[in-house]
Structure formats: C-alpha cells, structure tokens
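Q: Position 196 (the sequence shown) corresponds to 208 in the working numbering; numbering is contiguous.
Take a look at the following structure, please.
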Amino acid sequence: MKPELLNSDIDFDTISDGCDEGGFLEVGSVDDYLVRLQTVGSKTLTELIIKHKNSPHPIDCILYDAFLPWVLDVAQQFGIVGIAFFTQACAVDYIYYCAHNGLLSLLISSSMMPIVIPGLPLLDLRDMPSFIYVEGSYPSYFELVLNQFSNIDKVDFILVNSFYKLEQEVVNSMLKVMTQPLLTIGPTIPSMYLDKRLENDKDYDLNLFKLDSTSTCWLTNKPPCSVVYVSFGSMANLTIDQMKELARGLNQTGFHFLWVVRSSELPKVPHGFIEEMGDKALIVTWIPQTEVLANEAIGCFFTHCGWNSTIEALCLGVPMVVMPQWTDQTTDAKLVEDVWKVGVRVNVREDGIVSGDEIERCIRQVMEGEQGIETKRNAMKWKELAVEAVCEGGSSDKNIDEMVSKILARCK
C-alpha cells in the first residue's frame with residue numbers, strides 16, 4: 013500500500029468471500045465460488061456496516077462492482093446509497109442490458125445479421141460478446157454478466173468506466189431506457205497519465221510482481237514509434253500453433269518488439285526464438301503496462317482488446333492491432349477498428365488461427381504509410397479528449413461532482 017494512502021483520510025477494512033484460507037481452490041468451481049461469495053460476503057458486509065454504524069463516520073453509501081448486485085440488497089437494508097460501477101465499455105454494458113431485458117435474442121445466428129442496437133454501429137456475429145454468439149460458452153460467466161442488471165432499477169447511481177465523448181451515442185441511448193442516473197466517470201487510469209492532479213499516481217497500486225526496470229531501460233535507445241508492444245492480458249491462453257504464428261509474424265515485420273508472455277505460457281514460445289531475436293526483441297513475464305504505453309518508443313499495441321488495455325491505449329495515444337479472444341473483447345475490437353478508427357482487427361482462419369502473414373500485414377498497416385499516419389492521428393485525438401474528460405470541468409469530473417453533491421445533500 014502506498015504510504016500516502018496509509019497516512020490519508022482513507023480507512024481500509026475488509027469483508028470475507030468465504031475462502032480466506034485457500035482462496036478459489038477451496039470451492040473448485042465458479043458457480044460454487046459465487047454462491048459462497050454472496051452468502052459470506054453479504055453476512056460480513058452487514059457486520060461491517062453495523063460495526064461502523066455508531067462510529068464518528070458511519071457508512072453513508074456503498075460503491076460496488078456491478079458484477080456483485082447482492083451488495084445493493086445489503087445496502088438497502090440499512091437505507092444506504094448504492095452505486096453500481098460498470099467496468100466495461102458502455103457499448104458492452106448496453107448489449108448485456110438488452111439481452112437481460114429480452115430486447116436482444118440469445119439465439120443469434122448469421123441469418124439475423126446485421127444486429128441493430130440503438131447507439132451502436134451495425135454489428136456482425138463476430139462483433140458480439142462471445143457469451144452471446146457462442147451458445148453455451150462459459151454459462152457461469154454469462155449468468156454473471158447478465159445479473160449485473162438484476163436489480164439495477166433500485167440503484168441510486170450507475171457509474172461507467174468510460175467518458176462521454178468516446179461513447180456519446182450509446183450513452184444517450186442508455187439514458188433513454190435507464191431510470192437511474194447513468195454517469196461516465198472514466199477513464200480510471202492513474203492521474204499522472206491524464207490530468208496530473210494527483211502527485212505520484214503512476215500505477216494502480218495493485219502490482220503483484222516486483223517492479224523491474226528492464227523494459228524501460230530496453231526502450232530507452234529505441235526511436236519514437238518504432239516498437240511493437242505485445243500483450244494478451246492475464247487470462248488469454250494461446251495455442252502452441254498460435255504462438256508459433258505470432259512469433260513468425262512479429263519477426264517478419266522487422267520492427268523491434270516488446271512481448272509480455274506469462275510464465276505459464278513461456279513453454280509455448282518456439283524453441284530458440286528468444287535467443288535468435290537478440291536485441292531486436294525483449295520478452296518478459298510482466299511489465300507496468302501504463303508506463304510502457306506512455307513511452308514514446310511504442311508505435312503499436314498488439315492486444316487482446318480487454319477493456320482496461322483498450323482504454324489505456326486510447327488515453328496514451330497508442331494505435332492498436334487487436335486479436336480478441338472472448339467476452340467483451342470482440343465488441344471492443346469492433347469499436348477500435350470501425351468507430352474510433354485507432355487500429356485494425358486481425359482476420360482469423362477457419363481453423364481459428366491468425367497466420368503470421370496476417371499479423372505482419374496488420375502491424376505494417378498501423379505502423380507504416382498513410383493509414384498508419386491517420387490511425388496515429390486518431391489515437392492522439394482520443395488521448396486529448398480523455399484528458400479533457402477528467403480535467404476540472406470535464407464531463408467525467410462534473411459527473412463525479414454532481415454525484416457527490418447529491419449524496420451529501422441526502423446524508424444531511
């Protein structure tokens with residue numbers, strides 16, 4: 013924990029998920045874990061509220077991840093303000109909202125294309141969240157994303173990790189159907205990369221790994237916009253064949269590249285590839301991503317298109333090549349390529365593999381020529397608009413002030 017937080021007016025307390033000793037392994041399945049989390053979490057959250065009830069600072073409102081709607085039920089038992097925080101793009105949230113409320117069929121087929129949802133571009137099957145277009149995939153997670161809206165009509169405020177000008181059309185569409193205030197308050201990335209109002213706020217303070225300066229040192233002598241940064245997040249598992257094609261494509265571009273490969277995935281990297289690349293490439297198991305994306309040497313981000321990675325790239329003006337894997341990433345990829353025009357999406361073969369030649373083509377498209385220049389120009393435009401949103405008087409800044417004012421008025 014940062015020293016400045018420990019010495020601030022912020023107090024920290026905890027509730028239990030019911031797996032305090034062995035974590036997720038205690039239950040073994042997503043379904044069982046979610047049941048235990050709700051059962052034990054509701055109980056310990058209730059105890060926490062009661063503990064603080066007669067203190068100088070009783071709990072007046074609870075801001076919770078929308079994936080945990082049961083938190084609102086607990087808050088309302090005590091008359092406490094409940095604020096749902098949606099961590100994905102508004103576009104994705106709205107698709108799930110439509111699915112939950114029967115406005116979108118859960119049995120979508122290619123014969124139903126294109127899919128029309130107010131505020132969104134025309135969508136193909138591959139543009140939908142994978143839970144919807146791949147029937148029966150990850151049913152526990154699908155239930156989780158739809159249940160975000162199970163009691164949304166009872167919440168006091170809805171917050172979204174996006175900013176108004178980025179998703180203006182879909183936000184306006186959501187405002188027409190939502191009965192509660194919906195406020196974009198993002199992007200929620202460290203202040204030093206945006207408005208710089210919080211000194212030393214350079215990371216999320218959630219690093220599970222020891223910080224290593226290897227990547228930043230390696231980038232130091234690289235020319236501006238000359239390096240391809242490659243990362244597929246903390247969950248994607250590429251096949252051995254896909255890793256082989258990815259390595260081949262990166263090599264064929266001729267560009268320097270910084271590739272993050274989790275320790276569990278390292279055995280899939282082609283034998284001898286790391287040694288063969290020499291100084292042309294740096295392959296690491298983890299890096300501080302925002303710090304790397306902010307480095308002027310980075311010219312392109314080859315990404316799985318998870319929302320955190322996507323919005324970080326947008327905020328830091330980095331063009332993208334996107335290779336979505338599952339969940340919301342497919343919809344994010346559609347927005348990146350066709351709406352925000354800050355990158356290109358790879359084409360996948362019938363066998364599910366993206367070829368090395370396709371990877372090379374897409375990277376060159378973003379890094380070179382007139383399209384590369386236009387993509388970079390668009391990326392810088394969104395960077396400026398992201399900064400504008402969180403600066404004093406910006407849309408996200410005003411939304412937060414509005415919410416806080418209403419909460420304070422209610423608590424008087």
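Cβ coordinates follow ideal geometry from the N, Cα and C atoms, glycine included.
Using the Cβ count rule (16 or more neighbours within 10 Å means buried), how would you classify F229?
A: Before going on, a small fix: residue 229 reads as Cys here, not Phe. C229 comes out exposed.
Q: Just to confirm before moving on: does the CB-CB distance between V358 and V351 stay below 9 Å?
A: No, Cβ-Cβ distance for V358 and V351 is not below 9 Å.
Q: Could you pull out every unbroken alpha helix (DSSP H) segment of at least 4 residues lying fully inside the stretch 261-299, listed in chain order?
A: With a minimum length of 4 residues, the continuous alpha helix (DSSP H) runs that stay inside the stretch 261-299 are 285-289.
Q: Please classify G266 as buried or exposed, where buried requires at least 16 neighbouring CB atoms within 10 angstroms.
A: Per the 10 Å Cβ criterion, exposed.
Q: Can you give me the Cβ contacts of I61 inside the same chain, cut-off strictly under 6 Å, excluding the 5 residues immediately before and after it?
A: Cβ within range, chain order: I71, F90.
Q: Would you kindly report the start and end of the unbroken beta strand (DSSP E) that includes R361?
A: Careful: R361 lies outside any beta strand (DSSP E) and carries neither H nor E.
Q: DSSP state of Y150, grouped into three classes?
A: Coil, per DSSP.
Q: Give a single yes or no on whether E155 has its beta carbon closer than 8 Å to a heavy atom of the ligand GDP.
A: Looking at this structure, you won't find the ligand GDP or any other ligand, since it has none at all.
Q: Where do the N-terminal and C-terminal ends of the beta strand (DSSP E) with D77 fall, by residue?
A: From DSSP, the beta strand (DSSP E) with D77 extends over 73-77.
Q: Is the beta carbon of Y153 less than 9 Å from the beta carbon of V42?
A: Cβ distance < 9 Å, so Y153 and V42 count as in contact.
Q: Based on DSSP bridge pairs, tell me the residues matched to T196.
A: According to DSSP, which records beta bridges pairwise, T196 is partnered with V172.
Q: Taking its Cβ as the centre, do 16 or more other Cβ atoms sit within 10 Å of G364, making it buried, or is it exposed?
A: G364 comes out exposed.
Q: Tell me the start and end of each unbroken alpha helix (DSSP H) in the stretch 347-409 that is at least 4 residues and wholly inside, in chain order.
A: Counting whole runs of 4 or more residues, the stretch 347-409 contains the alpha helix (DSSP H) stretches 368-379, 381-402.
Q: Report the rounded CA-to-CA distance for L132 versus V183, giving the unit in angstroms.
A: For L132 and V183, the distance between alpha carbons rounds to 10 Å.
Q: Answer with buried or exposed for D32, where buried requires no fewer than 16 other C-beta atoms within 10 angstroms of its C-beta.
A: D32 comes out exposed.
Q: So is L220 buried or exposed if we call it buried at 16+ other beta carbons inside 10 Å?
A: Because the pLDDT of L220 is 48, which lies under 50, any placement of that residue in the model is unreliable, and the question is left without a value.
Q: In terms of DSSP beta bridges, what is F98 paired with?
A: Paired residues: V172.
Q: Specify the secondary structure class of C312 as computed by DSSP and reduced to three states.
A: If DSSP states are grouped into helix, strand and coil, C312 belongs with the strands.
Q: Could you tell me if A391 is buried or exposed, where buried requires 16 or more neighbouring beta carbons within 10 angstroms of its beta carbon?
A: It is buried - the Cβ of A391 has at least 16 other Cβ atoms within 10 Å.
Q: Going by CA-CA distance only, name the one from I201, V93, Y108, P193 that's closest to V157.
A: Ranking the options by Cα distance to V157, first place goes to Y108.
Q: Exposed or buried, which one is N8 when buried takes at least 16 other CB atoms within 10 Å?
A: Residue 8 lies beyond the range of the chain shown here (13 to 424); nothing can be said about it.
Q: Should D369 and Q301 be called a contact, given that it needs their Cβ atoms to be closer than 9 Å?
A: Not a contact, by the Cβ cut-off of 9 Å.
Q: Exposed or buried, which one is I22 when buried takes at least 16 other CB atoms within 10 Å?
A: Classification of I22: exposed, given that the 10 Å Cβ count is below 16.
Q: For C327, count the other beta carbons within 10 Å of its own beta carbon; 16 or more makes it buried, fewer makes it exposed. Which is it?
A: Under this definition C327 is a buried residue.
Q: Starting from M332, trace the beta strand (DSSP E) both ways and give me its first and last residue.
A: Element bounds for M332: 332-334.
Q: Pick out whichever of T226, D85, H112, P151 has its Cα sitting closest to the Cα of D168.
A: For D168, the nearest C-alpha among the options comes from D85.
Q: Quick check: is the beta carbon of I27 nearer than 9 Å to any beta carbon in chain C?
A: In summary, chain C is missing from the structure at hand, where a single protein chain is found.
Q: Since S243 is in the beta strand (DSSP E), which residue starts that stretch and which ends it?
A: Its beta strand (DSSP E) spans residues 239-243.
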